Structures are given as structure tokens and as C-alpha cells.
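Just so we're on the same page, my numbering is the position in the sequence shown counted from 1, plus 588.
Built from N, CA and C at the ideal position, the CB exists for glycine as well.
These numbers were taken from a predicted model, which means no experiment stands behind them.
Note sheet for the following structure.
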Amino acid sequence: MDINASINSAKTTLTTKYAAFSGRAGPMEFWSFTLLALVVNILASVIFGMIGLGIVATIVTLALLVPSIAVTVRRLHDRDMVGWIALIGLVPVLGGLALLYLCYLPGTDGENKYGPKPVA
């Protein structure tokens, strides 16, 4: 996987597709953003938690919540699944694991009802 393509994909998710729930997201877009969000959340929690500003870590987490949900919905669209299936992630432990597994599976080839296949 090309690191520059990964960074550009995560950057696009944060800027132009921040709250875009329509269309499709390929595996690289989903996983690069998910990894970025995880690292940023961990760093914010550790750094701001150590200096007693836990509220800043909470704000960072909330700022990443909308694009996280949006890219997950678009990833499910790539699999030709309705975005509401993302609610399965609310089930403790098993729901999150099931959602990650669904996002791991390959998307449909060609165009589906949510749009054309995302560019790799």
C-alpha cells in the first residue's frame, strides 16, 4: 500500500467527504481513515489526559465521529448494503467486531445502486 495514497485518502475523507453519507468508499479510504482516527484519538487522550485537559480529547473524538460514521456508511454502500447496518456497531463488543468484518469484505464489482466502484 502506498503511504502517500493512504494519507491523501484520509485527508479527502476529512475535508471534502466530512459528512458525505452517499456514494461508496473503497477499502483503502475506509482503513486509512480508521487508522488515522484511532491514532489521533489515542494521542489526544494520552497527551491531553496527562496535562489535565481531558475535555480537549473529548472534543477531538467528537470532531472525528461524523466522518467516522460517514466513511463506514459509504464502505457498507460499497458492499451494496444499506448504511443503517452500521447501527450494529452499537451492540457491545460483538457488534463492533461484526461491523469491522463487514467493512473488511470486498466491495461489489462495477456499479451498484450507490454509484460507481470507487477508484483504488
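Using a Cβ-Cβ cut-off of 7 Å (strictly less than) and excluding sequence neighbours within five positions of A598, which residues of its own chain qualify? Here the set comprises S620, F621, L624.
Rounded C-beta distance between D697 and G614? I'm assuming under 8 Å. Taking C-beta atoms under 8 Å as the contact rule, D697 and G614 fail to qualify, at a distance of about 12 Å.
Residues near T660 in its chain [Cβ-Cβ closer than 6 Å; skip 5 each side]: Excluding positions up to five away in sequence, the list reads A674.
Report buried or exposed for S610, applying the criterion of at least 16 other Cβ atoms within 10 angstroms of its Cβ. Of the other Cβ atoms in all chains shown, fewer than 16 fall within 10 Å of the Cβ of S610; this residue is therefore exposed.
Nearest-angstrom Cα separation, counted from G703 out to N596: Taking the straight line joining both Cα atoms gives about 21 Å.
Using only CA atoms, which one of N700, A607, K701, V679 lies nearest to I657? Here the closest residue by C-alpha is A607.
Should T646 go down as buried or exposed, given a rule of 16 or more other Cβ atoms within 10 Å for buried? Classification for T646: exposed.
With a threshold of 16 other CB atoms inside 10 Å of the CB of T601, please say whether the residue is buried or exposed. Flag for T601 reads buried.
Per DSSP, what are the beta-bridge partners of G703 in this structure? DSSP lists N700 as partners of G703.
Could you please give the first and the last residue of the uninterrupted alpha helix (DSSP H) stretch that includes R662? Run containing R662: 642-666, per the alpha helix (DSSP H) assignment.
Thinking C-beta only, is E617 closer than 9 Å to R577? There is simply no residue 577 to check, as the chain begins at 589 and stops at 708 in what is shown.
Per DSSP, what kind of secondary structure is P615 in: helix, strand or coil? The answer is helix: DSSP assigns P615 an H, G or I state.
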